[in-house]
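All residue numbers for the sequence shown refer to numbering that gives the first Met the number 0, where the first residue is 0 and numbers rise by one.
Don't be surprised by glycine CBs; every beta carbon is placed ideally from N, CA and C.
Below you'll find the structure, written out as structure tokens, and then a few comments.
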Amino acid sequence: MIKRLFKFVIWPVKKIVLLPFKFLLYTLLIFIILILFFQYRADYEVDTSPLSKIEYENCIEVIDSYEITLNLLSEYVQELDSVQREFLEERLPDNLQILLEPQKIDPDEFENIKGSLKTYLQGGRLPGFNGKALLPQAASLCRTGLG
Numbered sequence: 000m001i002k003r004l005f006k007f008v009i010w011p012v013k014k015i016v017l018l019p020f021k022f023l024l025y026t027l028l029i030f031i032i033l034i035l036f037f038q039y040r041a042d043y044e045v046d047t048s049p050l051s052k053i054e055y056e057n058c059i060e061v062i063d064s065y066e067i068t069l070n071l072l073s074e075y076v077q078e079l080d081s082v083q084r085e086f087l088e089e090r091l092p093d094n095l096q097i098l099l100e101p102q103k104i105d106p107d108e109f110e111n112i113k114g115s116l117k118t119y120l121q122g123g124r125l126p127g128f129n130g131k132a133l134l135p136q137a138a139s140l141c142r143t144g145l146g
């Protein structure tokens, strides 16, 4: 009798408490699926296949040098047209937005974002869908901007 009463009291409470967690989980999953869907449908008009080990290591070597990185990034940003620049502004993580204005980066600030940039470029090595890298923008940045 007490066991049944306990079930009748606990069951609705459990459902009410777990409902927001289920809602959050399903919303998060749908959001991730939508991001992946639209990211891989975009036509980047450049090679966005996963980076090879050699390409990634070359990018990391370049990143370790402050002057070389800023020179290459300055050239890369100058060659971007307005559509490409807008596309990168939308897609780059917030902490890497400063890379679009390399002349404003001082050595201390560069040291702070160097680790984030290396981690971001690592996503360009991982395979995604349709023969593209998991982070297609990272693969493109490594090949054309830092290569």
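For residue i: DSSP bridge partner residues
i	result
Ala138	In the DSSP output, where bridge partners are listed per residue, Ala138 has none listed.
Pro126	Ala132
Proximity below 8 Å, CB of residue i to CB of residue j
i	j	result
Ile67	Val61	yes
Gly123	Leu50	yes
Leu99	Leu87	yes
Tyr65	Pro19	no
Pro101	Val82	no
Asp46	Arg142	yes
Residue i (DSSP reduced to helix, strand or coil)
i	result
Pro148	Only positions 0 to 146 of the chain appear in the structure, and residue 148 is not among them; the question remains open.
Pro106	helix
Glu100	coil
Asp80	coil
Ser73	helix
Pro11	helix
Leu91	coil
Ser151	No statement about residue 151 is possible, as the shown extent of the chain runs from 0 to 146 and does not include it.
Leu145	coil
Residues of its chain near residue i, where Cβ-Cβ distance is below 6 Å and the 5 sequence neighbours each way are ignored
i	result
Leu145	Cys58, Val61 and Leu71
Leu133	Gly122, Leu125 and Gly127
Phe30	none
Residues near residue i in its chain [Cβ-Cβ closer than 7 Å; skip 5 each side]
i	result
Ala137	Tyr119, Leu120, Gly122 and Gly123
Leu23	none
Glu78	none
Where residue i falls, given that 16 or more other Cβ within 10 Å makes a residue buried
i	result
Ser139	buried
Leu116	buried
Pro135	buried
Lys131	buried
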